[in-house]
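So the structure is just underneath, and the comments pick up after that.
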Amino acid sequence: MFSIRLNYGGVFTKFPGRKYIKGKMKYIDGIDSDLFSVHDMDEIMELLDCVEPGKSIYYHFKRPTWDLDFGLYALGCDEDINHFRSYVYEHKVIEVYTEFWETKLHTYQMSPNPAKIKIHEIPESLCRKSLLLTWSNSGDCPSEEAPVFENVETMDEPPSTLLETTLEQPLVTLSETVESTPAYIPRIESPLTEPMIGSTCPNVDGWDDTFEWCEPFGGTPMEQDEPNSEKAGEDSQASKDSHDSDDTEDSEYSQDSDYIVDEDNLLDDPEVDMKNFHLNIDKEVEWVGSFPDDRDEAVEGDEELEVINTEEFVSASSSDEGEASKKRKKIRDLRRAHKNEAAAVKDPFYIHQTFSTAKEVKQQIYLHSIQSRRELDFVKNDKNRIRVVCKGTIPNLGILETGGTSKSNDKVGPSQKKKKVKDGSIHKCPWVLLVSKWKKDINWTVKTYEKQHTCLQTRKIRACNYKFLSEQIVDTVEANPEIPLRALREMLEKKYQLGLSDMKVHRAKTKALESIRGDFAAQYSCLRDYLQEVQSRNPNTTVKLQVQSEPCYASETRVFERVYICLGPLKSGFAAGKRDLLGLDGAFMKGPYHGMILTAVGLDGNNCTYPLAYAVVEAENFNSWTWFLTNLGDDLGLYANSNFTFISDRQKGLLPALEKLFPAAEHRYCLRHLHENMKRKWRGKEFKDCLWKCATCTTIPQFNSAMEELKKLNSEAYDWLNSIPPKHWSRSHFSGRAHCDALLNNMCESLNSKIVKGRDKPIISCLEFIREYIMRKIVMVQKEIDKANGPLTPTATKTLEKIKERAVQCRAVFCGNGKYQVTSEGTNQYVVNMDQQTCSCNRWELTGIPCKHSIAAIWDMRLNNENVGIPETWVHPTYWLKTWKEMYVFKVEPINGRLLWEKSTCPTKLIPPKYRVPIGRPKKKRRRSATEDDGVSTKWKSVTCTKCGNVGHNGRTCKGQSQTGNGTGEGAAGNTTGEGAAGSSGGVQNGVGNKGKSPML
1 MFSIRLNYGG
11 VFTKFPGRKY
21 IKGKMKYIDG
31 IDSDLFSVHD
41 MDEIMELLDC
51 VEPGKSIYYH
61 FKRPTWDLDF
71 GLYALGCDED
81 INHFRSYVYE
91 HKVIEVYTEF
101 WETKLHTYQM
111 SPNPAKIKIH
121 EIPESLCRKS
131 LLLTWSNSGD
141 CPSEEAPVFE
151 NVETMDEPPS
161 TLLETTLEQP
171 LVTLSETVES
181 TPAYIPRIES
191 PLTEPMIGST
201 CPNVDGWDDT
211 FEWCEPFGGT
221 PMEQDEPNSE
231 KAGEDSQASK
241 DSHDSDDTED
251 SEYSQDSDYI
261 VDEDNLLDDP
271 EVDMKNFHLN
281 IDKEVEWVGS
291 FPDDRDEAVE
301 GDEELEVINT
311 EEFVSASSSD
321 EGEASKKRKK
331 IRDLRRAHKN
341 EAAAVKDPFY
351 IHQTFSTAKE
361 VKQQIYLHSI
371 QSRRELDFVK
381 NDKNRIRVVC
391 KGTIPNLGIL
401 ETGGTSKSND
411 KVGPSQKKKK
421 VKDGSIHKCP
431 WVLLVSKWKK
441 DINWTVKTYE
451 KQHTCLQTRK
461 IRACNYKFLS
471 EQIVDTVEAN
481 PEIPLRALRE
491 MLEKKYQLGL
501 SDMKVHRAKT
511 KALESIRGDF
521 AAQYSCLRDY
531 LQEVQSRNPN
541 TTVKLQVQSE
551 PCYASETRVF
561 ERVYICLGPL
571 KSGFAAGKRD
581 LLGLDGAFMK
591 GPYHGMILTA
601 VGLDGNNCTY
611 PLAYAVVEAE
621 NFNSWTWFLT
631 NLGDDLGLYA
641 NSNFTFISDR
651 QKGLLPALEK
661 LFPAAEHRYC
671 LRHLHENMKR
681 KWRGKEFKDC
691 LWKCATCTTI
701 PQFNSAMEEL
711 KKLNSEAYDW
721 LNSIPPKHWS
731 RSHFSGRAHC
741 DALLNNMCES
751 LNSKIVKGRD
761 KPIISCLEFI
771 REYIMRKIVM
781 VQKEIDKANG
791 PLTPTATKTL
801 EKIKERAVQC
811 RAVFCGNGKY
821 QVTSEGTNQY
831 VVNMDQQTCS
841 CNRWELTGIP
851 CKHSIAAIWD
861 MRLNNENVGI
871 PETWVHPTYW
881 LKTWKEMYVF
891 KVEPINGRLL
901 WEKSTCPTKL
911 IPPKYRVPIG
921 RPKKKRRRSA
931 TEDDGVSTKW
941 KSVTCTKCGN
951 VGHNGRTCKG
961 QSQTGNGTGE
971 GAAGNTTGEG
981 AAGSSGGVQN
991 GVGNKGKSPM
1001 L
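Each residue of the sequence shown is one higher than the one before, counting from 1 in full-length UniProt numbering.
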């Protein structure tokens, strides 16, 4: 099994320093290397909606540890798949790049088996010219002169009679070749006559720059060795984009047929890639990587052995005999060490090998135990000695010897005593290791080493614990924190050939994540430093930290309670947007210290979300919402009588908090959550359509008419909906102060889905994830602004164009004083006041965009030679492109890393809140509503019996209804009350005679 890191939708830059830009990236996990083919790549591209009729797709894969200049190879035929598969066995993640329509790389001319390239005839539907070329040997074409081609007409003859020629015979010009057919078409929707296989490319020095040639490492394309001849490095990249159903919240409602979508206010947010986010602010956490295994990969002869000239010591003065003896002793030690240097290449230990610390000795022993799959036991483990023996068992297979140890020339130290047990099996392996240190010595030295193992290997090694495994997978987990446990377990079991449990792999992954992200509790101690860094880098930023009250003021610690952040650039940008609308919502955190993330999100002129403020609080209640809204009001300059608009999901404590702080503000309820409450009693499309019609009415008479329709459908549903004031959920009662008629709180739902991967991180990592997302999003929107043209934003332009199409059917009549009578849809008439910019349909006041009646009036004014300008000039400034640009002039500034943060001067230390571990497995899934379908429950679904075929029961509770007669069956259907009164006459008689039970035949 392996994973593919798929890069698609982008293009390659030129050589050298090639990069893949303007593309997207996805991880595909759990691919079987034995069954993988090019057709699998086609299916993957179809799932990504990247396949179009006649659209060519070129696949390239990058050799692990190589760059894009020299490491790209073709992936278009079976030979390329075999070449690709040779790297899968050592590297579990392979990068694949795609190109659409055409390729400028030469990888499709580099196949593992050199052969001449033939371009066969291609259907005319795919190209304008059908060509058949035969490449001769590269030596036939001189390097200093580029081959010249001439035009060739379309060949209609069968392939067997087509002319084959060499490069020396001109056929077509280079431009004609490029426009007609690419050098290789790996995949086209219309099948080719014969799929072409890439091969070695001829020498094309002086070739036109239309196709870009990347020379492989160490020579020209013709000089490249077979890729399988060189071993790739040990560095591997982990897979990404694991689809975890626990974290996908927006997709939960996509399968609900009753899902409400406000097509007039669809969000148009750019994609922000947060997959590469990682942050570790703990200085105490030591970075761990893959354990160095240099000894197993050392090659003899790489370096010359340093030989010491012993003659200069021997020729020393004989008077200094004591000094000479010491030198001779050192020489003997060096000779022994050099004599055993060859053994260090193959064995982890050798005589006179030195270690600096006992910890280093134990790490090497643990590693050898895992690699050899033997259980090693520490017999002596003190300050001066470490003696280790093998506890492996040798079964007695009919051997008559009294001992099972074999003599070896490499054996050093005391002889091993042969022991015989009663069951006839030799239980002691001859492997032994003694590493000791004299009191005056600094290093530990190997004194005794018997390297031979005669015992059986095992798949259960005590040294292979979760700490060791975490060090091996830290690089993989860093690249893909969401990699499934099953994929990790299979990778480790295949690498070490050991049996691992899911719980051990889970603890190893948790340990690796802790080393990458930092400890949850440790981040609270430096939270003040982080907040101080954010506030200093972004002027006018509001940061408020609240701690729990401490009864003892002399205590050196304070318990964290809440934190509020409103970045200065966001405050300035929101004010420049000229839209007084904010969505409020909360999302729970998933770490060991539970809490809630409260957010305030606005909308820009292009209907993109604009996060304004966020906070982490202990819970979602009246006190936390009051604290959050108080800080938000101070940043925006809101007062009790401020005319502002909020939209929310009616969270706990939010309604009374808004009533208390901003009684004059307009508070809208999210219609989707209102519908969720309605579905508890009244389900179905009719009730949903009635609710949506009542909410989208823009005038009070239309609203009353829609409510009467609901009353006719169900009076109880009418009474329930009428009890909710319509000023909170119907456009007919909305004010136009926000210049937005949104009915759904999609802006907050969108932000929650973007930060869902940061909500399970420690406190600082979570806050930094949100800040970095906002920073990246502003840059992404700025790129869209640079592409936009016209007086309005792209979304406003599309909306106005649709209104213009409907305005053609309207007829405007001038009435004087700037007023018009507009007739539309037969007998409907509306009054438009151009001086006050209002319409009796109320849409112009709600959205700030002229309605179709106003557009008809503007056109009539232009026909009468009035200087009114184009309809875009009558749109509210919120939707102007100029306003959109001014809104995103303010950028969120970057911050330094942990080492450069200025220390807080606060004398107390911040500690995490107290948390009691709940019983059972921690829940990370979103709480579903009572009426939400999870795809598994059978509630609100009809059950059909597999035995009798009747509806209302299953096969387990079937009473044999299918075996009864016609009259009995009807009576059985009516016998649910026990009397059979609902059946036919025959059924009633049978039901009464059997006390309400159906007779069994």
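Note that CB positions come from ideal geometry on N, CA and C, so glycine has one too.
{"Check": "When you compare each of Y879, L713, S732, L376 to T793 by their alpha carbons, which one comes out closest?", "Outcome": "Y879"}
{"Check": "How big is the Cα-Cα spacing for D475 and L513?", "Outcome": "10 angstroms"}
{"Check": "Whole angstroms are fine: how far does the CA of K19 sit from the CA of L105?", "Outcome": "12 angstroms"}
{"Check": "So the candidates are C429, K712, S715, L743; which of them puts its Cα closest to the Cα of P726?", "Outcome": "L743"}
{"Check": "Would you mind sorting Y773 into buried or exposed? The rule is 16 or more other CB atoms within 10 Å of its CB.", "Outcome": "buried"}
{"Check": "Could you check the C-alpha separation between L629 and G653 for me, to the nearest Å?", "Outcome": "11 angstroms"}
{"Check": "Residues in the same chain with beta-carbon distance under 7 angstroms from A521, minus the five sequence neighbours each way, listed in chain order, please.", "Outcome": "P912"}
{"Check": "Counting only the same chain and skipping the five closest in sequence on each side, list residues whose C-beta sits under 7 angstroms from that of D502.", "Outcome": "L485, R489"}
{"Check": "Is N842 close to chain E, meaning its C-beta is less than 8 angstroms from at least one C-beta of that chain?", "Outcome": "The structure shown contains no chain E; it holds only a single protein chain."}
{"Check": "Do three or more CB pairs link the region 814-828 to the region 774-788 at distances below 8 angstroms?", "Outcome": "no"}
{"Check": "Taking 7 angstroms as the cut-off, does the CB of A463 come closer than this to any heavy atom belonging to the ligand MG?", "Outcome": "Ligands are entirely absent from the displayed structure, and the ligand MG is therefore not among its contents."}
{"Check": "Just the C-alpha distance for H368 and C464, rounded to the nearest angstrom, thanks.", "Outcome": "11 angstroms"}
{"Check": "Along the chain, which unbroken stretches of the alpha helix (DSSP H) at least 4 residues long are found entirely within the region 462-500?", "Outcome": "466-479, 485-496"}
{"Check": "Using a threshold of 8 angstroms, state whether the C-beta atoms of R373 and R459 are closer than that.", "Outcome": "yes"}
{"Check": "Taking all protein chains shown into account, decide if N443 is buried (16 or more other Cβ within 10 angstroms of its Cβ) or exposed.", "Outcome": "exposed"}
{"Check": "Can you have a look at P656 and say buried or exposed, based on whether 16 or more other CB atoms are within 10 angstroms of its CB?", "Outcome": "exposed"}
{"Check": "Pairing CB atoms from the region 23-30 with CB atoms from the region 58-74, are three or more of them under 8 angstroms?", "Outcome": "no"}
{"Check": "Among H453, R385, M491, whose alpha-carbon lies nearest the alpha-carbon of K439?", "Outcome": "R385"}
{"Check": "Only counting runs of 3 or more residues, tell me where the beta strand (DSSP E) segments fall wholly within the region 530-571, in order along the chain.", "Outcome": "542-547, 557-566"}
{"Check": "For the pair the region 667-677 and the region 593-605, tell me if three or more CB-CB distances fall below 8 angstroms.", "Outcome": "no"}
{"Check": "Give the DSSP bridge partners of N7, in chain order.", "Outcome": "M25, Y97"}
{"Check": "From R843, S765, R771, pick the residue whose C-alpha is nearest to that of R898; which is it?", "Outcome": "S765"}
{"Check": "Would you kindly work out how many angstroms separate the C-alpha atoms of P701 and N828, rounded to a whole number?", "Outcome": "13 angstroms"}
{"Check": "What number of angstroms, rounded off, separates the C-alpha of E556 from the C-alpha of V616?", "Outcome": "23 angstroms"}
{"Check": "What's the call for S648, buried or exposed, on a 16-neighbour Cβ count within 10 Å?", "Outcome": "buried"}
{"Check": "With distances taken Cα to Cα, identify the nearest neighbour of K852 among R862, A796, C839, N864.", "Outcome": "C839"}
{"Check": "Give a yes or no on whether the C-beta atoms belonging to T699 and N631 are separated by under 8 angstroms.", "Outcome": "no"}
{"Check": "Let me confirm a value: K511 is counted as buried when at least 16 other C-beta atoms fall within 10 Å, else exposed. Which label applies?", "Outcome": "buried"}
{"Check": "Helix, strand or coil for H876 per DSSP?", "Outcome": "coil"}
{"Check": "For T13, count neighbouring C-beta atoms within 10 Å of its own C-beta (all shown protein chains included) and say buried if the count is 16 or more, exposed if not.", "Outcome": "exposed"}
{"Check": "Anyone know if the C-beta pair for Q353 and V446 falls short of 8 angstroms?", "Outcome": "yes"}
{"Check": "Considering only C-alpha positions, which residue in the set E46, H39, V11, R668 is nearest to T103?", "Outcome": "V11"}
{"Check": "Should K761 go down as buried or exposed, given a rule of 16 or more other Cβ atoms within 10 Å for buried?", "Outcome": "buried"}
{"Check": "Quick check: what's the CA-CA separation for T494 versus N480?", "Outcome": "Checking the sequence shown, residue 494 turns out to be Lys, not Thr. Looking at the two C-alpha atoms, the distance is approximately 19 angstroms."}
{"Check": "May I ask you to list the residues that DSSP assigns as paired with A587?", "Outcome": "I597"}
{"Check": "Quick check: what's the CA-CA separation for A358 versus Y524?", "Outcome": "35 angstroms"}
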